[in-house]
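Visitor:
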Amino acid sequence: MRIGTRIAAAGAALMLACGPGLAGCSPDETGKAQETSAAAGVEDGAFPVTIEHAFGETTLEQAPTRVVALGATDVDPLLALGVTPVGVAEWHSDEPLAWQKNADTGEQPAFNIPSGENADEKIAALEPDLIVAQWAGLEQADYDKLSQIAPVVPYAEEYPDWSQPWDVTTERIGRAVGRPKAAKELVEEVKGKFEGIRERHPEWQEMSAVAGLYEEENGQLSMLTTLDPRGAFFGKLGFRMSPEVDAMVGDNVWADISLEQASVVDEDVFFLYSDSDESFMAQPVLAGLDVAKKGHVIPLGLLAADDPMLAEAFEWQSVLSLNYLLDGIEEPLAEALAE
């Protein structure tokens, strides 16, 4: 895995091809899946519910029982809430990851919606009564087609593509499946872990930081802004994320910075979104930065050396993966900064 791969390119875009009326998209026996456990655990008064989103609003009259997780990380809040979807899009993997296997839902999800053309045929064959698309990068035409299959709950209007925070995603999915209180409790649990780490490491709050990668092939720094959940992650651990990077890119989630602008990222810590710092330190301009001379260029691969799944968990930035990540990253991060 190349850690620097952007989440938006983690898999080919899901291509939605069926036309009006979804001709040719009717379900068949091979597309049927076991119903989700969505009905169990639904909270009193949770329905009907209307959820506003980037394309308007969606009203759900009753608890869904066959949920499809179309977004790149949407399966995780569902599993955390005790809902096993009947279909999951294959953005990152075609099988459950470590934290998903530990989810107490009684059964593993099926990653059975491949990237590529005619994904909506597969979705329709699953006969869903809810399509969750929080991290799917939908456009209006995609939403319109999917809405012919089942009610769709996309991301909130106020967030650009690929920037909706994990806690917002969790609570929106919680409302859609009738578990709003449970979703809030899950969010508070993870936030409590962030708070615990901050309390144990007050010294981190004195450190300024940036996060990004060096792309050797084009000689550019690609920096994560705090609009990207991965860029915001280290700030939640207590580090003071550089406002200069955010200011350079406006509302984008990723900033491309030339080597001539490298001084902008010369903070106390550079969290390098890569397996190692080899190419970074081989570049004379970057090696000459104070952060490099102090040995505070920290590659994600170093933090995940004993457990490569920590790098995957960092990429996902979900309520489940963050629980996994926060349990494993504190010690190697403290050791890296102490050297």
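Letter 292 of the sequence shown, counting from 1, is numbered 359 in the numbering used here, and no numbers are missing.
Glycine is no exception: its CB is placed at the ideal position from the N, C-alpha and C atoms.
(1) Identify the continuous alpha helix (DSSP H) that holds residue 256 and give its terminal residues.
(2) Would you check if the stretch 250-258 and the stretch 267-277 touch, i.e. whether three or more CB-CB distances between them fall below 8 Å?
(3) Which residue wins for smallest C-alpha separation from residue 117, given the options 318, 218, 378?
(4) Can you say whether residue 237 is buried or exposed, counting buried as having 16 or more other CB atoms within 10 angstroms of its CB?
(5) Quick one: measure Cβ to Cβ for residue 167 and residue 142, integer angstroms, because I've assumed they're closer than 8 Å.
(6) Between the stretch 285-294 and the stretch 368-377, can you find at least three pairs of beta-carbon atoms closer than 8 Å?
(7) Do you know how far the Cα of residue 115 is from the Cα of residue 312?
(8) Hey, residue 253 and residue 147 are a contact pair by Cβ (cut 8 Å); roughly how many whole angstroms apart?
(9) Under the rule that 16 or more other beta-carbon atoms within 10 Å means buried, what is residue 230, buried or exposed?
(10) How far does the alpha helix (DSSP H) with residue 241 in it reach, from first residue to last?
(11) Got a sec, what are the start and stop residues for the beta strand (DSSP E) residue 123 sits in?
(12) So, for residue 243: in the same chain, excluding its five sequence neighbours on each side, which residues have a beta-carbon less than 7 Å away from its beta-carbon?
(13) My assumption, with CB atoms under 8 Å, is that residue 240 sits in contact with residue 250. Please give the rounded CB distance.
(14) If you run the structure through DSSP and keep just helix, strand and coil, what is residue 158?
(15) From the DSSP output, which residues share a beta bridge with residue 323?
(16) Return the first residue and the last residue of the alpha helix (DSSP H) that residue 54 is part of.
(17) Helix, strand or coil for residue 346, going by three-state DSSP, please let me know.
(18) Specify whether the stretch 334-345 and the stretch 295-310 touch according to this definition: at least 3 beta carbon pairs, one from each stretch, less than 8 Å apart.
(19) In angstroms, rounded to a whole number, what distance separates the CA positions of residue 266 and residue 129?
(20) For residue 279, list the residues DSSP reports as bridge partners.
(21) State the DSSP-derived secondary structure class of residue 297, mapped to helix, strand or coil.
(22) Can you tell me whether residue 273 is helix, strand or coil according to DSSP?
(23) Identify whether residue 136 lies in helix, strand or coil by the three-state DSSP scheme.
(24) If you count every other CB in all the chains shown that lies within 10 Å of the CB of residue 179, and 16 or more means buried, which is it?
(25) Alpha carbons only, please: which of 378, 342, 395, 326 is nearest the one belonging to residue 355?
(26) By the DSSP assignment, the alpha helix (DSSP H) with residue 311 in it spans what residues?
(27) Hey, how far is the Cα of residue 298 from the Cα of residue 392?
(28) What first and last residue would you give for the alpha helix (DSSP H) that runs through residue 304?
(29) By the three-class DSSP mapping on this structure, what secondary structure does residue 352 have?
(30) Assuming residue 121 and residue 136 are in contact, meaning their beta carbons sit under 8 Å apart, how far apart are those beta carbons, in whole angstroms?
Guide: This is what the structure gives:
(1) 247-267
(2) no
(3) Of the listed residues, the one whose Cα sits closest to residue 117 is 218.
(4) Buried, by the Cβ-count rule.
(5) 7 Å
(6) no
(7) CA-to-CA, the gap between residue 312 and residue 115 works out to about 43 Å.
(8) 5 Å
(9) buried
(10) 233-243
(11) 123-127
(12) Result list for residue 243: 118, 127, 197, 199, 220, in chain order.
(13) With 8 Å as the limit, residue 240 and residue 250 qualify as a contact, their Cβ atoms being about 7 Å apart.
(14) coil
(15) Residue 323 pairs with 289.
(16) With the chain covering 68 to 406 only, the question about residue 54 has no answer from this structure.
(17) Helix.
(18) By the Cβ rule, the stretch 334-345 counts as touching the stretch 295-310, because three or more pairs are nearer than 8 Å.
(19) Distance between the alpha carbons of residue 266 and residue 129 is about 42 Å.
(20) 290, 339
(21) helix
(22) helix
(23) Three-state DSSP puts residue 136 in a strand.
(24) buried
(25) 326
(26) 310-316
(27) 15 Å
(28) Careful: residue 304 lies outside any alpha helix (DSSP H) and carries neither H nor E.
(29) helix
(30) Going by Cβ atoms, the distance from residue 121 to residue 136 rounds to 18 Å, so no, they are not a contact pair.
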